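Trainee:
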Amino acid sequence: MTVSKGLSSTVLHVSVDRKRCQGHARCAALAPELFELDEDGAARVLAEGAVPPHLLDKARLARRNCPEFAVHITDGECA
Ligand code: F3S
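Counting in the working numbering, the sequence shown runs from 16 upward without gaps.
1. I need the DSSP call for residue 69, collapsed to helix, strand or coil.
2. Does the beta-carbon distance from residue 48 to residue 70 come in below 9 Å?
3. For ligand 1, is there any heavy atom lying closer than 8 Å to the beta carbon of residue 47?
4. Determine the extent of the beta strand (DSSP E) in which residue 52 is found, giving its start and end residues.
5. Is the distance from the Cβ of residue 58 to the Cβ of residue 26 below 9 Å?
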C-alpha cells in the first residue's frame, strides 16, 4: 500500500548556472515570465526564481532547450 503525502506546497525554483550560460537566450524566449537577459546577454531569473505551478511546464521547456545545460529546477531540498 502506498501512503500519499498529500498535495505538496513546495515551491519550485529555477536557477541559471552563470558559468555555463553562453547567452543562447532560448530560456528567455520560451519562458519570459521566468527569465530575462542581462546587459551582457546572460540569463538571469525573475522573481528570485520562484516557479508558480502554472509555469512549471515552461520552466521544464527552458531547461530542456538550453544547449549549455545551464538551467536547473530545484525544490529547495535537492539540487
Ligand atoms: Fe543561457 Fe541557456 Fe538561457 S545558455 S541564455 S541559460 S538558453
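Don't be surprised by glycine CBs; every beta carbon is placed ideally from N, CA and C.
Note that the coordinates shown come from a computational prediction; the quantities given were computed from them, not determined experimentally.
Mentor: Looking at the coordinates:
1. helix
2. yes
3. no
4. 50-52
5. no
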